[in-house]
Amino acid sequence: MAHEKKLREYGLPWPEYQLLDAGDGKKLERWGQIITIRPEIQADFKPGWSYAQWHNMAHWEFEEQSSTQGRWLNIRPHAPEHWLITYGNLTFGLKLTKFKHLGLFPEQQANWRFIKNQVSAGQKILNLFAYTGAASLVARNKGAEVVHVDSVRQLITWANENRERSALSDIKWVHEDALKFAQRELKRGKQYDGIIMDPPAWGLGAKGEKWKLENHLSGLIEAAYGLMSPGAFLIVNTYSPKVEIADLASTAGQYFSAHQLEIKQLWMPTKTGKELYCGNLLRAIK
Ligand SMILES: C[S@@+](CC[C@H](N)C(=O)[O-])C[C@H]1O[C@@H](n2cnc3c(N)ncnc32)[C@H](O)[C@@H]1O
Numbered sequence: 024m025a026h027e028k029k030l031r032e033y034g035l036p037w038p039e040y041q042l043l044d045a046g047d048g049k050k051l052e053r054w055g056q057i058i059t060i061r062p063e064i065q066a067d068f069k070p071g072w073s074y075a076q077w078h079n080m081a082h083w084e085f086e087e088q089s090s091t092q093g094r095w096l097n098i099r100p101h102a103p104e105h106w107l108i109t110y111g112n113l114t115f116g117l118k119l120t121k122f123k124h125l126g127l128f129p130e131q132q133a134n135w136r137f138i139k140n141q142v143s144a145g146q147k148i149l150n151l152f153a154y155t156g157a158a159s160l161v162a163r164n165k166g167a168e169v170v171h172v173d174s175v176r177q178l179i180t181w182a183n184e185n186r187e188r189s190a191l192s193d194i195k196w197v198h199e200d201a202l203k204f205a206q207r208e209l210k211r212g213k214q215y216d217g218i219i220m221d222p223p224a225w226g227l228g229a230k231g232e233k234w235k236l237e238n239h240l241s242g243l244i245e246a247a248y249g250l251m252s253p254g255a256f257l258i259v260n261t262y263s264p265k266v267e268i269a270d271l272a273s274t275a276g277q278y279f280s281a282h283q284l285e286i287k288q289l290w291m292p293t294k295t296g297k298e299l300y301c302g303n304l305l306r307a308i309k
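Below, the structure is given as structure tokens:
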């Protein structure tokens, strides 16, 4: 995927996480003391190190058994199945899930940086598709009032455990379909100073209703625009092959003028000098 460098925004490594290498459809990552090998469809290039070198370093490798599930193969005996890592003064619990995910999307570091610089105490922040709460905790850590929405109750529990580990308080947890919640907040005349959304390519609402991002993107951005107070920020992250960067620009362009909008790709550098594409990124200031 050849894209102009100026379109790229980088999720950067931090002391407890690094994308070590990637290639041949896989990626090698360090999470604190634990090193994993996971499938990565965007790694359509040759890795910097050999597979044998990867295996000498790794503790766990995820083996796909279907397009959505698989199992973790233990490479280094006695390696933990769940452990903690930090991001600044925040602490996150990681664990091996049957979906290859571990509990953090490290490329989001690019948005955590933005949120940290943008948010101030007392502001109202809405985090939709909020998963284990990294962005919610970064905003709460700046003193913001945070509403955290996800359709999976176990993930809200996981996010609440991360809040406790990070000695933070008072996040409003909402177990609901993100669009339905946003539209109801609109009817209530609610306003937010920042809206964060990181929808998957497809998902299940809180009542199991299947949805595809390409069918809901416009409704999500329309609702977000209505909920934004003057000067508020919006972050939309997408990794759907059905939502191209041009789709993101044209949809957002219906609500925001060009000078209010920033459309980029999210990339991560590897220790071996490669660059991995991680999705598209929209930021807007109202
Ligand atoms: C890609 S993850 C988000 C990652 C998150 N932004 C982060 O960096 O930690 C997508 C999340 O959306 C949630 N989700 C999927 N469909 C949803 C829906 N209709 N309403 C609310 N949340 C939904 C999933 O449970 C998952 O936690």
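In my numbering, the protein residues as written are 24 to 309. All C-beta atoms, glycine included, are put in the ideal place defined by N, C-alpha and C. This one's a predicted model, so the numbers in the text were calculated from it and none came from an experiment.
Is the beta carbon of residue j closer than 8 Å to that of residue i?
i: A205; j: A255; result: no
i: K265; j: A201; result: no
i: E32; j: A133; result: yes
i: W37; j: Y110; result: yes
i: A182; j: G217; result: no
i: N150; j: V170; result: yes
i: W54; j: L117; result: yes
i: I356; j: H82; result: Outside the shown range of the chain (24 to 309) lies residue 356, about which nothing can therefore be said.
i: I138; j: E168; result: no
i: M220; j: L191; result: no
i: K309; j: P253; result: yes
i: G71; j: D44; result: yes
i: K123; j: R61; result: yes
i: S174; j: A229; result: yes
i: H198; j: R176; result: yes
i: L305; j: L271; result: yes
i: L284; j: G249; result: no
i: L119; j: W95; result: yes
State the CB to CB distance for the pair residue i and residue j, rounded to an integer number of angstroms; the pair is presumed to be in contact (CB under 8 Å).
i: L30; j: K287; result: 6 Å
i: T114; j: L107; result: 6 Å
i: G93; j: E86; result: 5 Å
i: T222; j: T180; result: Thr is not the amino acid found at residue 222; the sequence shown has Pro there. The Cβ separation is near 21 Å, so there is no contact.
Quick one: Cα of residue i to Cα of residue j, how far?
i: N140; j: L160; result: 14 Å
i: N238; j: G296; result: 37 Å
i: S273; j: K121; result: 36 Å
i: W290; j: K233; result: 29 Å
i: L257; j: L240; result: 13 Å
i: F68; j: T293; result: 13 Å
i: M251; j: L227; result: 25 Å
i: Y278; j: A269; result: 15 Å
i: H26; j: H101; result: Because H26 carries a pLDDT of 49, less than 50, the predicted location of this residue cannot be relied on, and the following value inherits that uncertainty. Their backbone Cα atoms lie some 42 Å apart in a straight line.
i: G34; j: L178; result: 23 Å
i: A66; j: Y300; result: 8 Å
i: R99; j: N112; result: 29 Å
i: A307; j: L42; result: 28 Å
i: E84; j: N97; result: 7 Å
i: S73; j: G145; result: 50 Å
i: E267; j: V259; result: 13 Å
i: E298; j: E130; result: 12 Å
i: K49; j: N303; result: 20 Å
i: A315; j: R188; result: As shown, the chain starts at 24 and ends at 309. That puts residue 315 outside it, with no answer to give.
i: K195; j: N79; result: 44 Å
i: V142; j: Q88; result: 41 Å
i: V172; j: S263; result: 20 Å
i: F135; j: D193; result: For the record, residue 135 in the displayed sequence is Trp; it is not Phe. Roughly 19 Å between the two C-alpha positions.
i: K213; j: T59; result: 42 Å
i: F152; j: H282; result: 27 Å
i: A275; j: K203; result: 19 Å
Subject >> 4 or more residues per run - each alpha helix (DSSP H) lying fully within the segment 219 to 285 >> reply: Counting whole runs of 4 or more residues, the segment 219 to 285 contains the alpha helix (DSSP H) stretches 236 to 250 and 268 to 276.
Subject >> Chain-ordered list of residues that sit, by beta carbon, closer than 5 Å to a heavy atom of ligand 1 >> reply: The set, ordered by position in the chain, is F128, Q131, F152, Y154, A157, D173, S174, V175, L178, D200, A201, D221, P223, G226 and G228.
Subject >> 3-residue-minimum beta strand (DSSP E) runs that sit fully inside the segment 140 to 197, ordered along the chain >> reply: As far as the segment 140 to 197 is concerned, its whole beta strand (DSSP E) runs of at least 3 residues are 147 to 151 and 168 to 173.
**OP:** Ignoring anything shorter than 3 residues or poking outside the segment 46 to 83, list the beta strand (DSSP E) runs there in chain order.
**Re:** 49 to 54 and 57 to 62, all fully within the segment 46 to 83.
Original post:
What alpha helix (DSSP H) runs, 4 residues minimum, are completely inside the segment 93 to 141?
Top reply: Correct list: 132 to 141.
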